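In this note's numbering, the protein residues as written are 92 to 247.
Okay, so here's the structure we're looking at.
Take a look at the structure:
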C-alpha cells in the first residue's frame, strides 16, 4: 500500500490541532497523540484488531499496524490516521485477512463535490453514493467534505 501523504493542517482536531507540534515534540505528547488516533480508529467500528499507532510529532508521521478484515477496512484506517490535523504521512503496515484490489485516492480541493468526484472517476455523477459509502463512517454527510481531505475511491 505504501506511504501516503496528507495535508498537515487539515483534518480532525484529535489532539488540539497543532498543539502536538507547538512545543518541542516529546515521547509523552507523541504517545498521547498515538492513543487519540487509536481511539478514533476504534470509534469507527471498522472491525480491525490489534491496532497499534506510533506518532512522530516532529515529522507528522504515523505508522499503524494491526489486522484488518478487508482491504476497505485497511484503507479506511489509513484515512482515519491521515485525515487528522498535524498528520503529514501515514505508513499503514496492517495485514488484511481477505485481500481485495486497492482503491484509488482523491485529495479534495476547493469546489469539489462528491458528484464531481464521481464523474471524474466513474464517468457518472450519480455514483457519488459509492464514494460516500466507501468513506463512512468518517463521512457523516455527502455534503460535508473539505479541502485537504483525502477520500477513498473504490474500484468500480
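All residues carry an ideal CB built from backbone N, CA and C; glycine is no exception.
Predicted model, so just to flag it, every value in this text is computed and none were measured.
Asked: Bounding residues of the alpha helix (DSSP H) (the contiguous stretch that carries residue 123); Found: 118-134
Asked: N-terminal and C-terminal residue of the beta strand (DSSP E) that residue 196 is part of; Found: 195-198
Asked: C-beta atoms of residue 156 and residue 184 nearer than 8 Å; Found: yes
Asked: Three-state secondary structure assigned by DSSP to residue 112; Found: Legend: pLDDT at residue 112 = 46, less than 50; position of this residue unreliable, value from coordinates given subsequently. Residue 112: helix per DSSP, three-state reduction.
Asked: Distance CB(residue 216)-CB(residue 225) smaller than 8 Å; Found: no
Asked: For residue 199 and residue 248, the rounded distance between their alpha carbons; Found: Missing from the structure shown is residue 248; the chain here goes from 92 to 247 and no further.
Asked: Simplified DSSP state of residue 258, which is helix, strand or coil; Found: No statement about residue 258 is possible, as the shown extent of the chain runs from 92 to 247 and does not include it.
Asked: Whole-angstrom distance between residue 236 and residue 168, CA atom to CA atom; Found: 18 Å
Asked: Length of the line joining the Cα atoms of residue 186 and residue 153; Found: 16 Å
Asked: Proximity of residue 139 and residue 128 at Cβ, strictly below 8 Å; Found: no
Asked: Beta-bridge pairing of residue 217 - partner residues as DSSP gives them; Found: Its beta-bridge partners do not exist; DSSP assigns none.
Asked: Cut-off 6 Å between Cβ atoms - residues of its own chain near residue 105, not counting five sequence neighbours on either side; Found: 127, 131, 175
Asked: Where residue 245 falls, given that 16 or more other Cβ within 10 Å makes a residue buried; Found: buried
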